[in-house]
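Shown next, in structure tokens, is the structure this report addresses.
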Amino acid sequence: MPGELFEHYQPLAGPDEMFERDGSIRPAYRAFAARLGHWDVAEYHLRQSRADLALLNAGITFTVYSDDQGTERIFPFSLIPRIIGSREWAHIEAGLSQRVRALNLFLLDIYNEQRSIRDNVVPAEIVFGGPEYNLRMVGFEPPLGVYAHISGVDLVRNQDGQFVVLEDNLRTPSGVSYVLENRTVMVRVAPDVFPPHGVAPVNDYPSRLLATLIDVRPPQISEADCRVVILTPGIFNSAYFEHAFLAQQMGVPLVEGVDLVTHNERVYLRSTSGLEPVHVVYRRVDDAFLDPLAFRPDSTLGVTGLMSAYRAGNITVANAVGTGIADDKVVYRFVPDIIRYFLNEEPLLPNVETYAAVVPEEHEFIKQHARELVLKPANASGGYGVLIGPQASDDRINETLAAIEAEPRQWIAQPLQEFSTIPTFQDDKLGARRADLRPYVLTGASTWVLPSALTRVALREGSYVVNSSQGGGSKDTWVLTDDEDMDDVAAAPGGASSQSQTQRSDAR
Amino acid sequence: MTGRLMLSRTAENLYWLGRQLERAENIARMVHVDYHASIESGALVGHVPRTWDALIAATGAAQMFEAVRAGDPERSAADFLVLGRDNPNSIRSVVGAARELARTLRPHISREVWEEVNTLHLSLNSRPSVSEFELYDLCRAIKRAIETVFGLYDNTVLFDEGREWFRCGLFIERADMTSRILDTKYHLLLPAASEVGGPLDRYQWMAILRSASAWEAFRKGNRGEISGTRVVNTLLFDAEFPRSVRFCVRALLRHFGNATGETPPPQRIGPQRLITLLDLDLAAMDTRQAMAIGLHEYLDSLQTRLSEIDQALANDIFRALPTGV
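As they're listed, the protein sequences go chains A and B.
Add 10 to a position in the first sequence, counting from 1, and you land on the number used in the numbering used here.
Add 4 to a position in the second sequence, counting from 1, and you land on the number used in the numbering used here.
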């Protein structure tokens, strides 16, 4: 049993990742808990301060703008990890891969043959009325038919102990650098709590990402000649650290719009030895800012003429332009049907029950039950504009209902989702805090899921909001690689607990 | 071909990273040497603050400091020079600028180099003030941190075109700073002309040598007593002393040549001509002629030529419009 740290630990209404209902430790956490046994509060503080300093010195920070002294803060990092057993992970992996494959087929279809629209898998007005449906992509097929090369899918473990999909992130999902950095820091400050056979390594990600980007190069370019770049909006973007990190880890140039020029539908990079051709652009710039000639004319972040070079097949853009329509939250409502239609399989990872205001009956339901629902804008991220019905004032609810009335295509609603907690240290004690899980999926010639994820945790007691922009923190995420005997007994919270598990750490 | 290539913007930022780091290191060295010299020699001259004025003048911030002092007579020179957020050439500001550059250069430099620059910036940025007592330790820590960056750069970053630009920045800045350190003698007025060659005069020259890390180098080449001409000779023309202007310009020429091996000739020719001419002139020049022109005037002309080289690099190479596809 873990010692002092957990003395007063109280799980919440939902399941807890570390503890069963009866207070025993879940299989995936056993080796960890045994090793954590000797930590007390002072030890925890010592490790935490080392972790914070390491993150600060590494520059994994954001600037506090309200403060003219340029003070920098780190994104809070919480030492107690999320741990997932190998068998449960295998299920998640299969579910993610299935989902992303289906979404890529859906994108290829709606921009080309449009079979699924004729068969009414997703109503035509939802697809064509989506702000991210991009007419410039119609009739264009990107290399290998892949649109979402890099995907991040937000999961939570619900009341029944099952992982469900909360939303898909297919535009420019961020956060993977935190997965890698959190692990680096965790190994450095808490090597003594890792299980004896370790956890699945994560540092493979940059090489896999580069291989994926090279896979999807324009087919007339040889692998050896293929030049990949990362396009960043620049140093003031909140994810700049990640852009620079990935460029460095992959050994490719990190470019801004001004560094690229187009000529005769080809894209070149301005180097000291002249212009050098570019073939794959991993862009971290939104569609609207990508090419002032094609989209927003006032954008200075993009590259004039990029779209023409793309459509001419001389470059690959990752993720593809127009991918955003597939992670539109109204389209999300239809993803289980998309999986069935394109793959002829049942979805392995279920959706959360969702009502789309654009469907008249569902709009009516939302009006009746707003107080019990979470209302979400269909095309925002970072938790912005989200209204949690049970916790909102009447005025806010009425305001949001009016907004829905005005633009039903832009809103969805879901029942408030109870989800699992992980022990998290706050105010000198461990408390149960809700956490979500964002795994990353790469799609090139094949699909690969990073065996870890970004675990975001709501640091405020009782909160459901895990977004870093709204007071969330993060945790290292361990996927166990050698725990079959434990998994046989119980895979998930709510599963059977007891007798025969061995704490292998003790055997060493 | 996917050989290593250098973005023009990256090249420019590496050049400036070298410049800013070298600048911060020089200011730190000047502050800690001159500050102690001024305390010691205070008895000789009677009024200490002159040294601070000379230092601030050497960083080109004299007028700015006068204006700041007019608004806040209590403002300490040490604070303005070391930590002043209102002084773009304070050590804190220069290190802050270097750190922003390093941030844009993260994909190009190693994690070790980045973390060292970042840690230095964070420690300076969070510092509320510096007392006279702490000045020595602080400046020494800054110097060590920057020298560590230079060491890490050579041991963890590719010896590619980027490094050549980094070294170009370092050497052009060093040449400029050495000439400025030497020029502080011009601002350190002697109470009377008769004191030239006297104890205070010698003391000031010695402080200048120490400010330029040139004391040991000077001693190895000069047995006799410290004189203005000998110090000037070491700091400007000694081809073996790695901080002399002549050495730095020669190094600049070499690193520029290495950096521009692949650069189209029309872009390369302008700066190359300016650096080569300065190198030839320095080789043909000696202390006697420089003194005849007037030391301050000669140093001024050197600084102008270095600044012209800097401009040519920006216009012809870093920001040149692309030619021919």
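Every residue, glycine too, gets a C-beta built ideally from N, C-alpha and C.
| Item | Value |
| --- | --- |
| Would you say methionine 28 of chain A lies against chain B (beta-carbon separation less than 8 angstroms)? | no |
| Establish whether the CB of tyrosine 215 of chain A and some CB of chain B are separated by less than 8 angstroms. | no |
| Output the distance between the C-alpha atoms of valine 120 of chain A and valine 110 of chain A, rounded to the nearest integer angstrom. | The residue asked about is misnamed: residue 120 of chain A is isoleucine in this sequence, not valine. Near 15 angstroms, if we compare the C-alpha coordinates of valine 110 of chain A and isoleucine 120 of chain A. |
| By the DSSP assignment, the beta strand (DSSP E) with glycine 600 of chain A in it spans what residues? | The structure shown does not extend to residue 600 of chain A, since chain A spans only 11 to 518, so no value can be given for it. |
| According to DSSP, what are the bridge partners of valine 189 of chain A? | Per DSSP, none; premise fails for valine 189 of chain A. |
| In the DSSP output, what is alanine 442 of chain A paired with across the bridge? | A:Pro433 |
| Taking 8 angstroms as the cut-off, decide whether the C-beta atoms of threonine 453 of chain A and threonine 487 of chain A are in contact. | no |
| Please list the partners that serine 97 of chain B has in chain A, where partner means a Cβ-to-Cβ separation under 7 angstroms. | Those do not exist, as serine 97 of chain B stays about 11 angstroms from chain A at its closest Cβ, beyond 7 angstroms. |
| Alpha carbon to alpha carbon, how far is leucine 162 of chain B from arginine 8 of chain B? | 10 angstroms |
| Give the secondary structure of glutamine 230 of chain A by DSSP, where H, G and I count as helix, E and B as strand, and everything else as coil. | coil |
| Hey, does isoleucine 321 of chain B have any beta-carbon neighbour from chain A nearer than 8 angstroms? | yes |
| Does leucine 126 of chain B come within less than 8 angstroms of chain A when only Cβ atoms are used? | yes |
| Chain B beta carbons: is any one of them nearer than 8 angstroms to that of serine 283 of chain A? | yes |
| Would you say aspartate 283 of chain B and valine 253 of chain B are within 8 angstroms of each other, going by their C-beta atoms? | yes |
| Any C-beta of chain A within less than 7 angstroms: which residues of the stretch 148 to 167 of chain B qualify? | Glu165 |
| Go ahead and pull the three-state DSSP assignment for phenylalanine 204 of chain A. | coil |
| If we count the other Cβ atoms within 10 Å of its Cβ and call it buried at 16 or more, is alanine 41 of chain B buried or exposed? | buried |
| Consult DSSP for histidine 18 of chain A and reduce its assignment to one of helix, strand or coil. | coil |
| Nearest-angstrom Cα distance between alanine 43 of chain A and serine 478 of chain A? | 27 angstroms |
| Residue range of the beta strand (DSSP E) that phenylalanine 87 of chain A falls in? | 87 to 94 |
| So, is arginine 323 of chain B buried or exposed, given that buried needs 16 or more other C-beta atoms within 10 angstroms? | exposed |
| Taking all protein chains shown into account, do 16 or more other C-beta atoms lie within 10 angstroms of the C-beta of alanine 47 of chain B, making it buried, or fewer, making it exposed? | Legend: pLDDT at alanine 47 of chain B = 48, less than 50; position of this residue unreliable, no value from coordinates given. |
| Determine, using beta carbons only, whether leucine 145 of chain A comes closer than 8 angstroms to chain B. | no |
| Between valine 331 of chain A and valine 277 of chain A, is the Cβ-Cβ spacing less than 8 angstroms? | no |
| For glutamate 286 of chain A, return the contacting residues in chain B, with the cut-off set at a CB-CB distance below 7 angstroms. | Leu9 |
| Starting from the C-beta of methionine 68 of chain B, find all residues in its chain whose C-beta is less than 7 angstroms away, skip the five residues before and the five after it, and write them out in chain order. | Asn91 |
| Give a single yes or no on whether glutamate 168 of chain B has its beta carbon closer than 7 angstroms to a heavy atom of the ligand FMN. | Inclusion of the ligand FMN in the displayed structure is not the case, the ligand content being empty and no account of it being possible. |
| Could you confirm whether any beta carbon from chain B is found closer than 8 angstroms to the beta carbon of alanine 304 of chain A? | no |
| Would you check if the distance between the CB atom of valine 72 of chain B and the CB atom of arginine 79 of chain B is smaller than 8 angstroms? | yes |
| By the DSSP assignment, the beta strand (DSSP E) with arginine 276 of chain A in it spans what residues? | 276 to 281 |
| Alpha carbon to alpha carbon, how far is glycine 139 of chain A from arginine 419 of chain A? | 8 angstroms |
| Any chance the stretch 297 to 312 of chain A sits against the stretch 347 to 356 of chain A, with 3 or more Cβ pairs inside 8 angstroms? | no |
| Counting contacts by CB-CB distance shorter than 8 angstroms, is valine 265 of chain A in contact with chain B? | yes |
| Let me see if you follow: with CB-CB separation under 8 angstroms, is tryptophan 118 of chain B close to chain A or not? | yes |
| Quick one: what does DSSP say tryptophan 458 of chain A is sitting in, helix, strand or coil? | strand |
| Going by alpha carbons, who is nearest to phenylalanine 245 of chain B out of B:Ala179, B:Asp187, B:Arg272 and B:Val200? | B:Ala179 |
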